[in-house]
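Reading the sequence shown from the start, the letters are residues 1 to 109 in full-length UniProt numbering.
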Amino acid sequence: MRISGRPLEILLFLSNFPQESFAGYSLSKSLGISSGTLYPLLVKLEEAGLLDSQWEDGDPQELGRPRRRYYKVNGQGIAALNEKMRSIHPQFEPVVTGDPVINSVLGAK
Numbered sequence: 001m002r003i004s005g006r007p008l009e010i011l012l013f014l015s016n017f018p019q020e021s022f023a024g025y026s027l028s029k030s031l032g033i034s035s036g037t038l039y040p041l042l043v044k045l046e047e048a049g050l051l052d053s054q055w056e057d058g059d060p061q062e063l064g065r066p067r068r069r070y071y072k073v074n075g076q077g078i079a080a081l082n083e084k085m086r087s088i089h090p091q092f093e094p095v096v097t098g099d100p101v102i103n104s105v106l107g108a109k
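Here it is as C-alpha cells:
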C-alpha cells in the first residue's frame, strides 16, 4: 500500500498514541475526515498489516448502541511510517513508541 495523503495522516496520528486504540468516529472527528473516506482507508491499512482492530466487548442492546471497532497502529505500521518519513527526510529519527518490544524491532532508543 502506498503511504501518502490520508493514509499517511492516519498513521501519523495513531503513531502519536501507540498504546491507545481509537474508534472510527473519534478518528473521523480528530482528523476531520468524513466517515465515507475514513472507513475504507482503515480497512486498507488493516489489510496491509499496518493497523490492528478489535470490536469492543458488549452486547449492543446492553450498550444501547452498535458496538464500536477500535483501531491501533502496530509495529509494522510504525516501521512503514518510519520508512516513509526517512524517504521524505533522510535525517528523520525513528518514532519511539514507548513499547520496548516495538522499539527493539524498530531499532529506536
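Note that the Cβ used here is the ideal one computed from N, Cα and C, for glycine as well.
Self-check item: First and last residue of the uninterrupted alpha helix (DSSP H) at Arg69
Solution: Numbered from its first residue, the sequence shown carries residue 69 at position 69. Unbroken run through Arg69 is the beta strand (DSSP E), Arg69 to Val73; no alpha helix (DSSP H).
Quiz item: With 16 as the cutoff for other CB atoms within 10 Å, does Pro7 come out buried or exposed?
Solution: Reading the sequence shown from its first residue, position 7 is the one you call residue 7. Pro7 is buried by the Cβ-count criterion.
Quiz item: Going by beta carbon distance, what residues of the same chain come within less than 8 Å of Gly58, once the five residues before and after it are set aside?
Solution: Here residue 58 corresponds to residue number 58 of the sequence shown, with the count starting at 1. Arg67, listed in sequence order.
Quiz item: In the DSSP assignment, what residue or residues form a beta bridge with Gln54?
Solution: Start at 1 with the first residue of the sequence shown, and residue 54 comes out as number 54. According to DSSP, which records beta bridges pairwise, Gln54 is partnered with Tyr70.
Practice problem: My understanding is that Met1 touches Lys44, with C-beta atoms under 8 Å, so please give their C-beta distance in whole angstroms. | Solution: Here residue 1 is taken as the residue at index 1 of the sequence shown, counted from 1. Here residue 44 is taken as the residue at index 44 of the sequence shown, counted from 1. At roughly 6 Å, the Cβ-Cβ gap stays under 8 Å, so Met1 and Lys44 are in contact.
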